[in-house]
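Chemist: Could you have a look at this structure, given as structure tokens, before my questions?
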């Protein structure tokens, strides 16, 4: 599968998780294009079988600057991402009222633009460490399971 992995990261934590995801996906035989969201041409999203977006939330649900710019571009009336399959993961802090609020904003924007959510979003708390790895791999496994070719049934 041809997978895009686009992240918005201020401190590098979301980028680190994106790198871990890319390595995991490549080990399963998938072709992965990984880029910072500031480098993404949203008009090319349809060229991927699946688009994975990663973003960090700051304060009370605020997007990091890269994801904020990405959201502005997605919201442009000329942007057509109808039927683009996507999945989102986000980092946040539960001590704030709007835990992973940027994930909610991305979901809302993509749904408004008629993209297709491949799987419920993954919301992570804290800094990337080995304890997160199992959650991340379980989530991406569930996402991919929906799009794996099904064996043919012999009649």
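In this note's numbering, the protein residues as written are 181 to 335. Beta carbons are placed, not taken as given, at the ideal position from N, Cα and C, and that holds for glycine. Predicted model, so just to flag it, every value in this text is computed and none were measured.
#1: Could you give the residue range of the beta strand (DSSP E) that holds residue 253?
#2: Can you tell me which of 245, 263, 191, 205 puts its alpha carbon nearest to the alpha carbon of residue 185?
#3: Looking only at its chain, what residues have a beta carbon closer than 6 Å to the beta carbon of residue 261, apart from the 5 residues adjacent to it on each side?
#4: Where does residue 335 fall in DSSP's three states?
#5: Roughly how many angstroms lie between the CA atoms of residue 212 and residue 238, to the nearest whole one?
#6: Taking the Cβ atom as the reference point for each residue, do residue 183 and residue 229 lie within a distance shorter than 8 Å?
#7: Please classify residue 285 as buried or exposed, where buried requires at least 16 neighbouring CB atoms within 10 angstroms.
#8: If I follow the unbroken beta strand (DSSP E) through residue 305, where does it start and stop?
#9: What are the start and end residues of the beta strand (DSSP E) that includes residue 196?
#10: Taking all protein chains shown into account, decide if residue 265 is buried (16 or more other Cβ within 10 angstroms of its Cβ) or exposed.
#11: Return the residue from the list 290, 318, 243 that minimises the CA-CA distance to residue 281.
#12: Kindly indicate which three-state DSSP category residue 261 falls into: helix, strand or coil?
#13: Roughly how many angstroms separate the alpha carbons of residue 324 and residue 208, rounded to a whole number?
#14: Where in the stretch 213-243 do unbroken runs of the beta strand (DSSP E), each at least 3 residues long, occur, reported from the N-terminal end onward?
Modeler: If we stick to the structure as given:
#1: No beta strand (DSSP E) holds residue 253; the alpha helix (DSSP H) holding it covers 245-255.
#2: 205
#3: 225, 293, 295
#4: Annotation note: pLDDT 48 at residue 335 (below 50); position unreliable, coordinate value reported separately. DSSP places residue 335 in coil when its eight states are reduced to three.
#5: 27 Å
#6: yes
#7: buried
#8: 302-305
#9: Run containing residue 196: none in the beta strand (DSSP E); it sits in the alpha helix (DSSP H), 193-207.
#10: buried
#11: 243
#12: coil
#13: 10 Å
#14: 230-238
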